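Residue numbers (the numbering used here): 20 to 456.
Beta carbons: idealized from backbone N, C-alpha and C, even for Gly.
In this text, all values refer to a predicted model and were calculated from it rather than measured experimentally.
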Amino acid sequence: MGNIVAIVGRPNVGKSTLFNRLTQTRHAIVSDEAGTTRDRQYGKSEWTGREFSVIDTGGWVVNSDDIFEEEIRKQVTLATEEADVILFLVDVRNGLTDLDEAVANILRRTKKPVILVANKADTNEWIYSAAEFYALGLGDPYCISAATGSGTGELLDLIVSKFPKTTDDETDENIPRFAVVGRPNAGKSSLINAFIGEERNIVTDIAGTTRDSIYTRYTKFGFDFYLVDTAGIRRKNKVTEDLEYYSVMRSIRAIENSDVCILMLDAERGIEAQDLNIFQLIQRNNKSLVVVVNKWDLVENKTTVVMNEYEYAIRHRMAPFDDFPIIFASALTKQRIFKVLETAKEVYQNRKKRVATAKLNEEMLPLIEAYPPPSIKGKYIKIKYCMQLPDTQIPSFVFYANLPQYVKEPYRRFLENKIRERWDFSGTPINIFIRQK
Ligand code: GDP
Ligand code: GDP
């Protein structure tokens with residue numbers, strides 16, 4: 020289960036520096052999304068074999084004096100709702116400030132683990148001055164230097180030790196876990212209602228009073244599935260939801276804990292930056308995808324041409340990954356709701372698909388022979404054998420070559436495309452590995 024760590028604190032205490040430090044090793048491994056603009060706010064980290072997400076709430080701060088404190092207050096509140104562990108950063112060089120007090124007031128009320136981190140303690144003298152932060156009533160300040168990295172290893176140990184035990188959310192491995200995600204007002208709650216009907220106990224709770232289960236199991240329209248984090252999606256706070264931060268925070272948890280994400284787009288609004296950010300979150304977590312163009316009832320000109328234009332625009336914006344189903348639906352009139360569930364189920368099956376080794380080689384080797392990887396520095400690259408790896412999170416294929424380091428990305432893409440042409444992996448990311456034979 021994906022754990023989420025949120026870094027909160029007033030501006031300039033070093034949140035983004037710490038964020039970079041916590042996520043950098045992971046970034047070195049996951050290089051495919053280099054240059055995406057969201058890197059500052061959301062990243063993956065791993066420590067002693069536990070993978071988790073890190074969110075820098077400061078990445079979203081709206082820099083206007085008036086709403087500044089109010090803004091931080093809202094962000095901290097949401098972080099306490101959505102994160103598993105909260106890192107509250109203060110600055111030993113600057114000392115205790117009113118804003119620190121304001122943040123601490125909110126954090127003292129949460130039941131979630133809060134770690135008070137005194138940053139910029141680059142040398143020992145600074146460690147002594149951290150004592151003043153005891154006054155915040157959040158226990159021992161934990162001294163680090165995000166800039167030099169000192170203390171961050173022990174901090175990571177501490178973070179990992181505070182993750183909730185996972186036993187209460189165990190699910191049946193053979194039943195798909197669907198998450199309905201999308202920007203505010205795309206129609207997520209409406210779709211969920213269309214799937215499962217109005218529930219007896221819609222969660223209208225005060226934040227933090229109940230620990231909602233992440234999974235709810237349903238058998239509807241002949242499908243057996245879990246919906247992930249329905250309560251979190253239904254628990255609404257319309258006043259603040261237009262801010263991107265809120266929709267991202269609400270999505271992360273659901274995405275991380277799902278197999279297939281049903282990404283809702285609003286037909287009237289087309290595809291915008293916020294939709295793309297959620298799409299990126301889905302990709303970075305290696306989740307499978309069904310895109311629903313919702314509110315199709317509002318589109319007057321429902322011709323095939325218009326549909327094709329929509330489809331093209333969506334695939335174009337989400338490229339290079341474009342092998343996913345798109346369904347035009349209406350959560351309101353329930354048009355194609357069954358189709359959405361059916362497709363999500365198919366995508367889940369694609370995610371679990373296994374191609375027999377003999378069949379894979381029989382189809383792929385002649386292609387590779389006809390279009391071998393380009394030779395580099397006069398060296399010929401030979402691929403003699405391939406197989407799908409067992410027990411992987413997403414379908415993963417390994418091609419054994421004499422000189423794997425010379426097989427470049429375009430050729431990998433070629434192999435992926437050929438696999439996708441031959442077997443239905445629609446909606447699902449796949450891995451292509453080239454290894455030494
Ligand atoms: P944020 O606004 O909370 O995200 O803060 P930043 O990460 O942008 O850091 C604010 C400033 O503090 C930058 O100039 C950083 O270089 C500096 N800074 C961050 N961490 C440390 C640290 O551990 N020691 C020192 N001396 N400076 C730091
Ligand atoms: P959420 O914020 O993503 O959960 O979106 P909601 O389900 O609350 O829907 C936002 C608004 O869009 C509500 O007023 C819905 O009634 C409306 N809505 C949702 N789906 C549809 C649809 O398929 N067609 C139309 N016309 N309106 C819809």
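By the criterion of at least three beta-carbon pairs nearer than 8 Å, the segment 108-120 is in contact with the segment 23-36.
Following the DSSP letters along the chain, one finds R69 inside the beta strand (DSSP E) bounded by residues R69 to D75. Here DSSP, grouped into helix, strand and coil, assigns Q60 to coil. For V199, the closest C-alpha among the options T42, N313 and I402 is that of N313. Along the segment 132-162, the beta strand (DSSP E) occurs as fully enclosed runs of 3 or more residues at 133-138, listed in sequence order. For ligand 2, no non-hydrogen atom lies closer than 7 Å to the CB of L282.
In this structure, the CA atom of F244 is about 8 Å from the CA atom of T235. The Cβ-Cβ distance between C162 and I146 falls below 8 Å. Taking the Cα positions, L351 is about 8 Å away from L210.
Within the same chain, P423 come within 6 Å of Q455 by CB-CB distance, once the 5 residues on both sides are set aside. The Cβ neighbour count for T323, taken over all protein chains shown within 10 Å, is under 16; the residue is labelled exposed.
Here the distance from the Cβ of P203 to the nearest heavy atom of ligand 2 is below 7 Å.
Annotation: the segment 260-299 contains the following complete segments of the beta strand (DSSP E) (minimum length 3 residues), in chain order: 279-285. Taking 7 Å as the cut-off, one finds at least one heavy atom of ligand 1 near enough to the beta carbon of N31. Proximity to I453 across D103, F433 and P203 peaks at F433, based on C-alpha coordinates. Around the beta carbon of Y61, a 10 Å sphere encloses 16 or more other beta carbons of the protein chains shown; the residue is thus reported as buried.
For E90 and C280, the gap between their C-alpha atoms comes out near 30 Å. In this model, T167 and D141 are separated by some 7 Å (Cα to Cα).
Restricting attention to K427, N22 and R439, the CA atom closest to the CA of K184 is found in N22. At least one heavy atom of ligand 1 lies closer than 7 Å to the C-beta of G28.
Per DSSP, reduced to three states, the secondary structure at D191 is coil, with no helix or strand assignment. Apart from sequence neighbours up to five positions away, the residues of its chain that approach Y367 with a beta-carbon distance below 6 Å are P195, D278 and V279, ordered along the chain.
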